[in-house]
Amino acid sequence: MEEGEGGYKIKMKVEILEKGKDWIKIKIKDIDFTLANAIRRSSYEIYIPAIDEVEFFVNDSVLYDEILAHRLGLIPLIPSREINIREECECKGKGCKKCTLKVKLEGKGKKMVYSNDIEGEAKALFNMPIVWLEEGQELKCVGYVKMGNALEHSKYQAGLVVFNPIFKLVDFNKSFFEENEESKKIIEKFKINLEKNTEINEKQFEILDWIKEKYPESKIKIEISEKDFIFYIETYSYLKPEEIFVKSLESLNQNLAKLAKEIK
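Just so we're on the same page, my numbering is the position in the sequence shown counted from 1, plus 17.
See below:
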């Protein structure tokens, strides 16, 4: 990590290992535990939209206004346009069109009201049940959406970011695994490649560590890297997992730049 124009430059080698619709697994080399944990924690500072206030006009459902407002706030949203962070807006936190989106939710029974029924300047990312309305019951409310981060409330958490160090099988007693039937079956079951200097995952590490404790004659030696890590990122929001990783780095960089400025 070195200081550069506009902040700090974090040098690392990144490789995508696996990728799904809403998750990604990446290998990051040439960092340390401190930086890896700082990246993870910085994901809490990513801003995403969520319903912050709800104004009810009619609510005949069995749920109180407060419970419904809480449920609405937890629904992941896709904004129709970009808005400012309210605390940094020209309105000085009062709330205006530049930092607020407006949505509405209406429904009449007999039916289930879903998140896809939300209309306005944002829509739901997933179709989730909100509340059941019986015959003759009605729901009519307006929600006000603002940007926030997970340090303020968990409803603003963009996704899950976790990491583990890379484990490497350095050495073992080959003859032991040829003779010990129990260990042989375990190795086959968990598809552990018994080759020296082979990378193993966290589960395989736990299995080999268990064999090592039970059978010291296995002479298993595992190296835990202090500079190479596997990150798993899963999104809960409209942001892609790759975007969460990049925005985490951007957030970390901004905090380092602020710290450096304060120190100077």
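Heads up, the beta-carbon is just placed ideally off N, CA and C, and yes, glycines get one too. In this text, all values refer to a predicted model and were calculated from it rather than measured experimentally.
Looking at the strands, I want to know which residues DSSP matches up with residue i.
{"i": "residue 246", "result": "45 and 182"}
{"i": "residue 125", "result": "155"}
{"i": "residue 131", "result": "146"}
{"i": "residue 164", "result": "66"}
{"i": "residue 50", "result": "Bridge partners of residue 50: none, in fact."}
{"i": "residue 84", "result": "Partner(s): none; residue 84 has no beta bridge."}
{"i": "residue 188", "result": "238"}
{"i": "residue 30", "result": "46"}
Where does residue i land, buried or exposed, given buried means 16+ other C-beta within 10 angstroms?
{"i": "residue 39", "result": "exposed"}
{"i": "residue 143", "result": "exposed"}
{"i": "residue 50", "result": "exposed"}
{"i": "residue 138", "result": "buried"}
{"i": "residue 108", "result": "exposed"}
{"i": "residue 301", "result": "Outside the shown range of the chain (18 to 281) lies residue 301, about which nothing can therefore be said."}
{"i": "residue 75", "result": "exposed"}
{"i": "residue 160", "result": "buried"}
{"i": "residue 245", "result": "buried"}
{"i": "residue 145", "result": "exposed"}
{"i": "residue 172", "result": "buried"}
{"i": "residue 122", "result": "buried"}
Does the beta-carbon distance from residue i to residue j come in below 8 Å?
{"i": "residue 62", "j": "residue 177", "result": "no"}
{"i": "residue 136", "j": "residue 120", "result": "yes"}
{"i": "residue 126", "j": "residue 150", "result": "yes"}
{"i": "residue 83", "j": "residue 158", "result": "no"}
{"i": "residue 104", "j": "residue 182", "result": "no"}
{"i": "residue 94", "j": "residue 141", "result": "yes"}
{"i": "residue 56", "j": "residue 92", "result": "no"}
{"i": "residue 250", "j": "residue 41", "result": "yes"}
{"i": "residue 291", "j": "residue 231", "result": "Only positions 18 to 281 of the chain appear in this structure, which leaves residue 291 out of reach."}
{"i": "residue 254", "j": "residue 175", "result": "yes"}
Any 3 or more C-beta pairs closer than 8 Å across the stretch 186-205 and the stretch 89-100: no
Every unbroken beta strand (DSSP E) within the stretch 195-272, with a cutoff of 3 residues, ordered by chain: 215-217 and 238-252
Stretch-stretch touch, CB-based, cutoff 8 Å, three pairs: the stretch 261-268 with the stretch 63-70: yes
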